[in-house]
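Asks:
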Amino acid sequence: MTEGMNWLIILLAVGNVVGVVWLLLATAKARPEDKDATATTGHSWDGDLVEYNKPLPRWWLWLFVGTVIFSIVYLVLYPGFGRYEGTLGWNQYKDHARDVAAAEARAQEILAQFRGQPVEQLAANLEAQAVGRNIFANNCATCHGSDARGNPGFPNLTDAEWLWGGSSEQVLASIGNGRTAAMPPLGAALGEAGVTEVVNHVRALAGLSHDARAAEAGAARYATLCIACHGPEGKGNPILGAPDLTNDAWLYGSDPQDIADSINYGRNGQMPAQAAILGEERVRLVAAYVLHLSQSAGGESAGGAQ
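Counting the sequence shown from 1 gives a position; my numbering is that position plus 198.
#1: Runs of 4 residues minimum, wholly inside the stretch 223–306: which ones carry the alpha helix (DSSP H) assignment?
#2: Restricting to Cα atoms, I'd like to know which of A237, S344, W243 is closest to Y250.
#3: At what residue ranges does the stretch 420–487 contain a whole run of the beta strand (DSSP E), taking only runs of 3 or more?
#4: Whole angstroms is fine: what's the gap from G213's alpha carbon to R296's?
#5: Using C-beta distances below 7 Å, list every residue in its chain close to G439, excluding the 5 sequence neighbours before and after it, in chain order.
#6: In terms of alpha-carbon separation, which member of P454, E431, L259 lies closest to A412?
#7: Can the beta-carbon of F279 be found closer than 9 Å to that of I207?
#8: Which runs of the beta strand (DSSP E) fall wholly inside the stretch 358–402 and span at least 3 residues, in chain order?
#9: What residues in its chain sit with their C-beta under 6 Å from that of A346, if we drop five residues either side in the sequence?
#10: Nearest-angstrom Cα distance between M203 and Q311?
#11: Would you give the residue range spanned by the alpha helix (DSSP H) that L543 belongs to?
#12: Rounding to the nearest angstrom, what Cα-Cα distance links G432 and V396 in this structure?
#13: Just list the residues that DSSP pairs F352 with in beta bridges.
#14: Would you kindly work out how many angstroms separate the C-alpha atoms of W220 and F262, rounded to a whole number?
#15: Just how far apart, CA to CA, sit L222 and L259?
#16: In whole angstroms, give me the CA-to-CA distance for G284 and V274.
#17: For S471, which of V216, N336, S372 has the nearest alpha-carbon?
#18: May I ask which residues mark the beginning and end of the alpha helix (DSSP H) holding Q327?
#19: Taking the CB atoms as reference points, tell me whether L449 and G351 lie closer together than 9 Å.
#20: Comparing C-alpha positions only, which one of T225, I475, A410, W243 sits nearest to E253?
#21: Excluding sequence positions up to five away, which residues of its chain have a Cβ less than 6 Å from the Cβ of G416?
#22: With a cut-off of 8 Å on the beta carbons, I'd call N337 and L476 a contact; round off their distance for me.
#23: Run through DSSP, which three-state label would S494 get?
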């Protein structure tokens with residue numbers, strides 16, 4: 199808190215208390231006109247409805263006094279007077295820290311039962327799956343979806359296709375250390391016609407509808423610019439995170455325009471590292487949960503690249 203903000207809060211707090219005290223003193227004394235029980239304020243509505251000019255009831259007045267006393271006691275005991283922390287030493291930060299510590303202690307009791315178990319074993323453990331599902335829902339579902347089936351630009355985690363490999367070690371590395379993938383823009387190198395030809399060749403690799411003549415021309419361009427990452431058969435490379443172009447798992451879409459956009463402008467994908475956020479045990483449980491989803495859908499724990 200800056201010095202200026204400190205004094206602003208003090209002035210506002212003091213000003214409010216002083217203002218209420220002044221209001222009480224100004225209205226508490228009986229005025230001569232108050233002795234007339236029939237005196238009005240002079241206001242009239244509809245010609246016959248008037249407002250009596252009477253002081254506040256005594257109980258209401260003492261209620262005001264009580265609020266002033268309460269505010270002074272509160273500002274002595276609790277923070278609210280600039281940088282003054284109050285005699286009780288309470289603040290929201292300490293309260294939150296205690297709650298977090300208590301929650302973490304309870305979490306560690308749960309995590310302890312899974313500590314040291316292989317990820318493959320955790321993937322078959324129903325309790326570990328439940329814990330992993332909760333961690334996934336809180337930390338991963340925003341990108342990959344609540345059902346882990348992904349979104350455009352975010353992989354489906356329930357199939358057998360893995361951009362960076364699907365072994366337990368590879369999945370742990372992806373979650374814990376994160377991944378960064380880049381598809382360079384090739385529109386300038388290929389030209390409009392070249393992009394169209396490569397699009398058709400890629401769709402041919404995946405068994406999708408295509409122009410055979412354009413696909414044949416695109417094969418030569420593919421061999422020049424794309425083969426280094428995606429391989430001669432388009433099977434991809436999990437070391438580079440280069441996707442398999444021969445299956446139906448399309449991270450950014452398989453429509454001709456989607457593929458053309460990927461080639462023209464490139465793609466940049468980033469999976470943020472979670473180890474520092476979740477800790478080792480939670481990373482292992484999330485990895486186990488993801489592997490369980492993939493295996494349940496017919497995937498292999500050592501699946502290939504997407």
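Note that CB positions come from ideal geometry on N, CA and C, so glycine has one too.
Given the structure is predicted, the values throughout are model-derived calculations rather than measurements.
Replies: According to the structure data:
#1: 256–275
#2: Taking the first residue of the sequence shown as 1, we reach residue 250 at position 52. Measuring from the Cα of Y250, the nearest candidate turns out to be A237.
#3: 465–469
#4: Indexing the sequence shown from 1 puts residue 213 at position 15. Indexing the sequence shown from 1 puts residue 296 at position 98. If I take the Cα positions, the gap works out to 34 Å.
#5: Position 241 of the sequence shown holds residue 439. So the qualifying residues of the chain are L361, W362, R377, A379.
#6: Sequence index remark: in the sequence shown, residue 412 carries index 214 (1-based). The shortest Cα separation from A412 among P454, E431, L259 belongs to P454.
#7: Residue mapping note: residue 279 aligns to position 81 of the sequence shown, counting from 1. Residue mapping note: residue 207 aligns to position 9 of the sequence shown, counting from 1. In this structure, I207 lies closer than 9 Å to F279 by Cβ.
#8: 377–381
#9: In the sequence shown, counting from the first residue as 1, residue 346 sits at position 148. Counting only Cβ-Cβ distances below 6 Å, and skipping sequence neighbours, we find L355, T356, L491.
#10: As a first step, residue 203 is located in the sequence shown; it is residue number 5 there, counting from the start. As a first step, residue 311 is located in the sequence shown; it is residue number 113 there, counting from the start. The straight-line gap from Cα to Cα measures roughly 49 Å.
#11: The first residue shown for the chain is 199 and the last is 504, placing residue 543 beyond what the model contains.
#12: Here the question's residue 432 lines up with position 234 in the sequence shown. Here the question's residue 396 lines up with position 198 in the sequence shown. Answer to the nearest angstrom: the Cα atoms are 12 Å apart.
#13: Counting from 1 along the sequence shown, the entry for residue 352 is found at position 154. According to DSSP, which records beta bridges pairwise, F352 is partnered with N349.
#14: To locate residue 220, count along the sequence shown from 1; it is residue 22. To locate residue 262, count along the sequence shown from 1; it is residue 64. Their Cα atoms are separated by approximately 11 Å.
#15: As a working mapping, residue 222 is identified with position 24 in the sequence shown. As a working mapping, residue 259 is identified with position 61 in the sequence shown. For L222 and L259, the distance between alpha carbons rounds to 7 Å.
#16: To locate residue 284, count along the sequence shown from 1; it is residue 86. To locate residue 274, count along the sequence shown from 1; it is residue 76. Cα to Cα, the separation comes out at about 5 Å.
#17: Stepping through the sequence shown from its first residue, residue 471 is reached at position 273. The sequence shown places Ala at residue 471, rather than the Ser named in the question. If we check each option's Cα against that of A471, S372 comes out closest.
#18: As a first step, residue 327 is located in the sequence shown; it is residue number 129 there, counting from the start. From DSSP, the alpha helix (DSSP H) with Q327 extends over 324–337.
#19: Here residue 449 refers to the residue found at position 251 when the sequence shown is read from its first residue. Here residue 351 refers to the residue found at position 153 when the sequence shown is read from its first residue. Contact: yes.
#20: For the purposes of this step, residue 253 is taken as residue 55 along the sequence shown, with counting starting at 1. The sequence as given places Pro at residue 253; Glu does not occur at that position. For the residues T225, I475, A410, W243, the minimum Cα distance to P253 belongs to T225.
#21: Along the sequence shown, one-based indexing puts residue 416 at 218. Answer for G416: E395, V396, N398, H399, listed in chain order.
#22: Numbered from its first residue, the sequence shown carries residue 337 at position 139. Numbered from its first residue, the sequence shown carries residue 476 at position 278. Sure, about 7 Å apart at Cβ, within 8 Å.
#23: Counted from its first residue, the sequence shown places residue 494 at position 296. Helix at S494.
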